[in-house]
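Report on the structure given below.
4 protein chains.
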Amino acid sequence: MELNIGVIGTGGIGRDHIRRITEVVAGARVAAVTDIDAELAGTVANQYQTRFLPSAEELIQSPEVDAVVIASWDPTHAEYVHACIRESKQVLCEKPLASTADDCRRIIDAEIAQGKKLVQVGFMRRYDKDYLSMKAAIKQGNIGAPLMVHACHRNRTHIASHTNDMTITNSGVHEIDILRWMLEEEYVSAQVLTGKCNHYAAHGLQDPQLLLLQTESGILINVEVNMASGYGYDIQCEIVGETGTVRLPDPSALQLRSEGRHGFGILSEWSQRFVEAYDNEFKHWVSDVKRGKLTGPDSWDGYAACITAEALIRARNEGTAVPISIGTRPAFYH
Amino acid sequence: MELNIGVIGTGGIGRDHIRRITEVVAGARVAAVTDIDAELAGTVANQYQTRFLPSAEELIQSPEVDAVVIASWDPTHAEYVHACIRESKQVLCEKPLASTADDCRRIIDAEIAQGKKLVQVGFMRRYDKDYLSMKAAIKQGNIGAPLMVHACHRNRTHIASHTNDMTITNSGVHEIDILRWMLEEEYVSAQVLTGKCNHYAAHGLQDPQLLLLQTESGILINVEVNMASGYGYDIQCEIVGETGTVRLPDPSALQLRSEGRHGFGILSEWSQRFVEAYDNEFKHWVSDVKRGKLTGPDSWDGYAACITAEALIRARNEGTAVPISIGTRPAFYH
Amino acid sequence: MELNIGVIGTGGIGRDHIRRITEVVAGARVAAVTDIDAELAGTVANQYQTRFLPSAEELIQSPEVDAVVIASWDPTHAEYVHACIRESKQVLCEKPLASTADDCRRIIDAEIAQGKKLVQVGFMRRYDKDYLSMKAAIKQGNIGAPLMVHACHRNRTHIASHTNDMTITNSGVHEIDILRWMLEEEYVSAQVLTGKCNHYAAHGLQDPQLLLLQTESGILINVEVNMASGYGYDIQCEIVGETGTVRLPDPSALQLRSEGRHGFGILSEWSQRFVEAYDNEFKHWVSDVKRGKLTGPDSWDGYAACITAEALIRARNEGTAVPISIGTRPAFYH
Amino acid sequence: MELNIGVIGTGGIGRDHIRRITEVVAGARVAAVTDIDAELAGTVANQYQTRFLPSAEELIQSPEVDAVVIASWDPTHAEYVHACIRESKQVLCEKPLASTADDCRRIIDAEIAQGKKLVQVGFMRRYDKDYLSMKAAIKQGNIGAPLMVHACHRNRTHIASHTNDMTITNSGVHEIDILRWMLEEEYVSAQVLTGKCNHYAAHGLQDPQLLLLQTESGILINVEVNMASGYGYDIQCEIVGETGTVRLPDPSALQLRSEGRHGFGILSEWSQRFVEAYDNEFKHWVSDVKRGKLTGPDSWDGYAACITAEALIRARNEGTAVPISIGTRPAFYH
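Residue numbers (this note's numbering), protein chains in the order written: chain A, 67 to 400; chain B, 67 to 400; chain C, 67 to 400; chain D, 67 to 400.
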């Protein structure tokens, strides 16, 4: 039995998910698509021989849709998630879950009130094989207890509409989530250092930014978020433990020797780096939905990421360290 | 419209292909399976909710089967390929295409007589992203004209029934095919050097063997085929050109520092190394069959690999270089 | 004409310098040695067939000594440097130049009053080929203007007498100096983060510590100083520029594949890592002394390192960022 | 007491050795130099403030010369070595020891007749730390018994006077020596494969050449000797054992990320690659000469390299494998 998925949003990431569901994920099909740009959505529906529905609301309510993927404009996420909860339909919502931590809490309240786990947030890195190996290595005690994390998140260049806050909420948020998941601890304080700005970045943009987080047990994390590295899309992470360290590998690439140099190519776009992670995310989600037991990042994780991002923004704006109080994960989400 | 595939052989590789068609390849399903071990085939049919048929002949002739995958015992390949040709059904046959070059020629004759390209041989490495990058780098002129190739094919350990000839026909045959494809040239001579044997290999086994091939334009190839490396499954290849070299990367793996060493894991089994290549092979084959235009390795490639392997075996047994005469690719296979 | 060098201190580092001057540096010899442990110094004098003198004062004043190397207990450095200045003798003083920044200033005053540059401080990393390449790469514009620095300084284990301050003054001080030299900028603020302690480190030791520095132009630096990494002595440094990054390589080491892993050895002791840098330091110093023109790190650099270390210690103890005011390099030191 | 060394030959390598003895090697000085180009030798003598002598004979006989370094034109080596033996003076002769294996045997006879080991041949790679580590790793059993060797010796470009034989006698001879030393076995057969020529190499030059050697116990060796790699000077070597492999590292170099690539520089000249090996060779030789006990490569090693090179040349010219019969090392050389 195939899972009938409705996709809200037919922009870049939405179309990629439509292709993924159609071509890569066995046991699922795209039953309907919608977008505020109806013409675009219509074209995409045509291309993938699926149905166009005129609004997200209709799509969510459609009896032909078993489960929903939200890949629309960020500010619309919360509203559509609430609609899915009302319809008691499973939903995979691209990050962020909502625009504010308070909005995330309202989703949590609604989901708990509704009585069933329905929401997964699109933190696809949890499905990347290298992060999975890293977590396994830590669990196996290969490096002893973690003490410090050095990470960097570098984009080659940024979009014109990029803002200082988006550095944290759009880019750094991936590290916020993956490191909570990796270390299995909550954050207790946040600080952001800014300094010399890259003059190739847009005027007024504080780029790069250095995010500093500390966890409950005292693990110190620093993350360089760099929107204009100039050379490529480069994700690095090293966990320093009491007896050793683990580090993400570079994506494997052909080794070339020529003109006095040894070299290999670095990816230029984020979409290339996590292709397999997205594929695995969708495969697991479809399988989880079918067997009725979600295992991916949930509303609580969406909330934790959001409140941490808010703390980082406040810390940066105030130029000081600020405490983070995530609170206790409700039993509902265990 | 889904492609209905019949799979002959439900041993390790056969089951893996059944899983692949079912879970990984969109647009195809397993319509029937068979095996000389009927009980095993029945169990597998049950597991994947597909039909068991009592013989390869019935499976090939079944109107419910659109296309066939042959993953049975090597000596049966040729017979089943002929049956597919008689039924005018597309067939993906695991290597080898047949037990002898002469048998391969008979398949070629039958296929040409039948009038339509029907046969693809399971040289999955052609779908590996690293080999594809390597070929692209050569085409782009990144290393100049190729002059020499250093390759090695190392298994961690060998199966009990392994023979000296299998080192060439089962293992080295992958390098024979991939290097013809990479260099786009035929081989003209073969030699094999044997020397000190690994005493961890079975008694009487000449392991490792060094295969030496030369192409039409004079490119010199050496391939270490090592059935008992002891440490892992390790495939390496470096092409030396007039101005530079390209080399396959190691599969990417977590970087660990502990106990005075930096290290990363090496794969232990061949099945791990080419998972994605197999996936891509099947996706392309299904897509090619549907649109009626095969692009993968064909009967001629199966024949070329076979005649080269025979030359290598003769060269090794006679302790001398022997010429290889592959002949001209028939227009049918252009 | 050989340079006659007197060496104060015949402990580990002192003996290593005596060996170096005797066996590695052409154009120089050890003319005399001394140590507060007269018996030890006598044994060393015997071993290297040089003269034992009963006190540092006599050694510095001896007409047989042209230039002095100070490798004694840290708190004695300043006094011996002053004595060298009074004798107008060239002196290579192991770091630190003095115990406090104020003491460093008094040395500067005395040196300027004396009228001739006489003092070099033992920051040997400036002579390491990898740091030199890194500085050259930056100067050549290979990465654009530097924006951020990620460094780490990991010891395998620490000595019993190690203190929290020594993490900064003994270990981190090398990064303090090398990064000022690399970036050619002074520091303007300091912060230190401490968190979860390695329970393999001594009780009460805050280990690791994360040093945060910012330069005049706003370059953000973070340095993990880790006294008990458990796995080896590991020095890493990456400079992130506007268009690219440069990173120190690992010291080259034999590549081994065995037992399912690829690996190479990591050094265990700091003395192995900078052997060549020490050799080059001494060769350059001897050559500079002979031609009468010092080019190495001078008293001002010793002072800058010291005042920065003091700021870091205060920042750590107060749990806040503190400003650093190094002041303007006197013309005397240009 | 300093060792007084006379250097015959003031071309590139000779001048480099003069500089080395003067600046790098403690306990030795250049007492005299000579060259068939008297003007050049005079200039060099001046530069290094040493004595010019008008002929090699006078230099060898001079009472001011304790030991001799031969760095003259290859065909003169044997004659000067004989002169050193007659004078009972220690001599470090650049490879080759002589132009033919027969000439090498005559040196061996003369040296034995004279009664004292006097001759060391300039196979400096034996002093390279990576080859030393490799040999140590094998001895420690890290890879089990060696079975196969893959090596390559690539020059960026060749000199105008380069010949097909020089590929073996000048370049490949280094691998001939280092692998005998590494494996501690003699060669028993030789073969050379030639194929497609690099059109950037000189007209008529067979480049690259693939040297194939087999040792007494059956270890199979292949060495690509490539005089016109185009991209740099690149020495690679991998030893394949029964349970693992060891491989030379690339010389460590700064890691740069820019313009979509990760890369590091490859050396362009052989002189850069083995600087430290040459330094160590001379330090050991001077020390050995002083204590009267040579430990480096001796006349027998020079002979073994020469007879192996001759076998390779004959094998290439005849297009077949030829046996090598080195014979038994005389007790004199144990």
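We put the CB at the ideal spot given by N, CA and C, even for glycine. Everything numeric in this text was worked out from a predicted model, so none of it was measured.
Practice task
Mind listing the chain A neighbours of E347(B)? Cutoff is C-beta to C-beta under 9 Å, in chain order.
Solution key: Working through the second sequence from its first residue, we reach residue 347(B) at position 281. Those do not exist, as E347(B) stays about 16 Å from chain A at its closest Cβ, beyond 9 Å.
Practice task
Would you identify the three-state DSSP class for L286(C), choosing helix, strand or coil?
Solution key: Along the third sequence, one-based indexing puts residue 286(C) at 220. Strand.
Practice task
Run down chain B in chain order and give the residues with a C-beta less than 7 Å from the C-beta of K262(D).
Solution key: Sequence index remark: in the fourth sequence, residue 262(D) carries index 196 (1-based). The answer, in chain order, is L213, S283, G284 and I285.
Practice task
Return the CA-CA distance between A176(D) and T142(D), expressed in angstroms with no decimal places.
Solution key: Counted from its first residue, the fourth sequence places residue 176(D) at position 110. Counted from its first residue, the fourth sequence places residue 142(D) at position 76. A176(D) and T142(D): Cα-Cα distance of roughly 17 Å.
Handout entry: Where Y297(A) meets chain D, residues with beta-carbon distance less than 8 Å
Key = Walking along the first sequence from the start, residue 297(A) turns up at place 231. Simply R323, S324, E325, G326 and R327.
Problem - Rounded Cβ spacing between A319(B) and D194(B) (contact assumed at less than 8 Å) - result: If you number the second sequence from 1, residue 319(B) lands on position 253. If you number the second sequence from 1, residue 194(B) lands on position 128. About 17 Å; that fails the 8 Å criterion.
Problem - Beta-carbon gap between A98(D) and L119(D) smaller than 8 Å - result: Taking the fourth sequence and counting its residues from 1, the one referred to as residue 98(D) is at position 32. Taking the fourth sequence and counting its residues from 1, the one referred to as residue 119(D) is at position 53. Yes, they are a contact pair.
Practice task
Determine whether the Cβ of D196(B) lies closer than 8 Å to any Cβ atom of chain C.
Solution key: Working through the second sequence from its first residue, we reach residue 196(B) at position 130. False, the Cβ-Cβ gap to chain C never drops below 8 Å.
Exercise for the section: Would you decide whether H269(B) is buried or exposed? Buried here means 16 or more other CB atoms lie within 10 Å of its CB. Expected result: Walking along the second sequence from the start, residue 269(B) turns up at place 203. With fewer than 16 Cβ atoms within 10 Å of its Cβ, H269(B) is classed as exposed.
Problem - Buried or exposed by the 16-neighbour rule on C-beta atoms within 10 Å, applied to P274(C) - result: As a first step, residue 274(C) must be located in the third sequence, where it is residue number 208. Burial call: buried.
Practice task
Please list the residues of the stretch 68-96 of chain B that have a C-beta atom closer than 9 Å to any C-beta atom in chain A, keeping them in chain order.
Solution key: T88, E89, V90, V91, A92 and G93
Exercise for the section: Just mark T235(C) as buried or exposed, buried being the case when its beta carbon has 16 or more other beta carbons within 10 Å. Expected result: For this step, residue 235(C) is matched to residue 169 along the third sequence. T235(C) should be labelled buried.
Practice task
Kindly indicate which residue of D103(C), I102(C) and R117(C) has the alpha-carbon position closest to the one of I84(C).
Solution key: In the third sequence, counting from the first residue as 1, residue 84(C) sits at position 18. The option with the nearest alpha carbon to I84(C) is R117(C).
Problem - Contacts of F330(D) in chain A (Cβ-Cβ under 8 Å) - result: Translated into positions along the fourth sequence, residue 330(D) becomes position 264. R327, H328 and G329, listed in chain order.
Practice task
Verify the CB distance criterion: does Q280(A) have a CB-CB separation below 8 Å to chain C?
Solution key: Position 214 of the first sequence holds residue 280(A). With 8 Å as the cut-off, Q280(A) counts as an interface residue toward chain C.
Practice task
Evaluate H219(D) with the Cβ neighbour count: other Cβ atoms within 10 Å of its Cβ, from every protein chain shown; 16 or more gives buried, anything less gives exposed.
Solution key: Taking the first residue of the fourth sequence as 1, we reach residue 219(D) at position 153. By the 10 Å Cβ count, H219(D) comes out buried.
Problem - Min CB distance S334(A) to chain D below 8 Å - result: Position 268 of the first sequence holds residue 334(A). Closer than 8 Å: yes.
Practice task
Can you have a look at G188(B) and say buried or exposed, based on whether 16 or more other CB atoms are within 10 angstroms of its CB?
Solution key: Within the second sequence, residue 188(B) is the residue found at index 122, counting from 1. By the 10 Å Cβ count, G188(B) comes out buried.
Handout entry: Per-residue burial, I126(A) [other beta carbons within 10 Å of its own, 16 or more giving buried]
Key = In the first sequence, residue 126(A) corresponds to position 60, counting from 1. Buried, because 16 or more other Cβ atoms sit within 10 Å of the Cβ of I126(A).
Handout entry: Cβ distance (whole Å) where A107(A) is taken to contact T88(A) below 8 Å
Key = Taking the first sequence and counting its residues from 1, the one referred to as residue 107(A) is at position 41. Taking the first sequence and counting its residues from 1, the one referred to as residue 88(A) is at position 22. Rounded, the Cβ-Cβ distance is 15 Å, inconsistent with contact.
Exercise for the section: For N221(C), name the three-state secondary structure that DSSP assigns. Expected result: Numbered from 1 along the third sequence, position 155 holds the residue referred to as residue 221(C). N221(C): coil per DSSP, three-state reduction.
Practice task
List the residues that DSSP assigns as beta-bridge partners of H216(D).
Solution key: Along the fourth sequence, read from residue 1 onward, the residue named residue 216(D) stands at position 150. DSSP output for H216(D) lists N288(D) and E304(D) as bridge partner(s).
Practice task
Take S121(B) and list the residues in its own chain whose beta-carbon comes closer than 7 Å to its own, dropping the five residues that flank it on each side.
Solution key: Within the second sequence, the letter at position 55 stands for residue 121(B). The residues are T100.
Problem - Residues bridged to H328(C) (per DSSP) - result: The residue you call residue 328(C) lines up with position 262 of the third sequence. In DSSP, H328(C) forms a bridge with F330(B) and R323(C).
Problem - Chain-order list of residues whose beta-carbon lies under 8 Å from that of W336(B) (same chain, five-residue window excluded) - result: Residue 336(B) sits at position 270 when you count from the first residue of the second sequence. Excluding sequence neighbours, W336(B) sits near N221 and Y299.
Problem - A217(A) versus L279(C) - alpha carbon distance - result: On the first sequence, position 151 is the one that residue 217(A) refers to. On the third sequence, position 213 is the one that residue 279(C) refers to. Straight-line Cα distance between these residues: approximately 18 Å.
Practice task
From the DSSP output, in three-state form, read off Q280(C) for me.
Solution key: Translated into positions along the third sequence, residue 280(C) becomes position 214. DSSP places Q280(C) in strand when its eight states are reduced to three.
Exercise for the section: May I ask you to report which of helix, strand or coil DSSP gives N230(C)? Expected result: Numbered from 1 along the third sequence, position 164 holds the residue referred to as residue 230(C). N230(C): helix per DSSP, three-state reduction.
Handout entry: Exposed unless 16 or more other CB atoms sit within 10 angstroms - verdict on H400(B)
Key = Stepping through the second sequence from its first residue, residue 400(B) is reached at position 334. Burial call: exposed.
Handout entry: Cross-chain neighbours of G310(B) in chain D, by beta carbon under 7 Å
Key = Within the second sequence, numbered from 1, the residue matching residue 310(B) stands at position 244. Within chain D, the residues near G310(B) are G296 and Y297.
Exercise for the section: Flag V258(C) as yes if its beta-carbon sits less than 8 Å from any beta-carbon of chain A, otherwise no. Expected result: Along the third sequence, one-based indexing puts residue 258(C) at 192. Closer than 8 Å: no.
Practice task
Report the neighbours of I209(A) on chain B: residues whose CB is nearer than 7 Å to its CB, in chain order.
Solution key: To locate residue 209(A), count along the first sequence from 1; it is residue 143. Near I209(A) (Cβ distances below 7 Å), the residues of chain B are S324.
Exercise for the section: Establish whether the CB of D273(D) and some CB of chain A are separated by less than 8 Å. Expected result: Start at 1 with the first residue of the fourth sequence, and residue 273(D) comes out as number 207. It does not: the Cβ of D273(D) has no partner Cβ on chain A nearer than 8 Å.
Practice task
Answer with yes or no whether the minimum CB distance from D316(B) to chain A is below 8 Å.
Solution key: Residue numbering aside, residue 316(B) sits at position 250 when the second sequence is read from its first letter. Answer yes: the Cβ-Cβ gap between D316(B) and chain A drops below 8 Å somewhere.
Problem - Of the listed residues G358(B), C372(B), T374(B) and E347(B), nearest to H190(B) (C-alpha basis) - result: As a working mapping, residue 190(B) is identified with position 124 in the second sequence. Residue identity differs from the one stated: residue 190(B) is Met in this sequence, not His. Per the Cα distances, E347(B).
Handout entry: Chain-order list of residues whose beta-carbon lies under 7 Å from that of R86(D) (same chain, five-residue window excluded)
Key = As a first step, residue 86(D) must be located in the fourth sequence, where it is residue number 20. Within the same chain, R86(D) has close Cβ partners Y344, D345 and F348.
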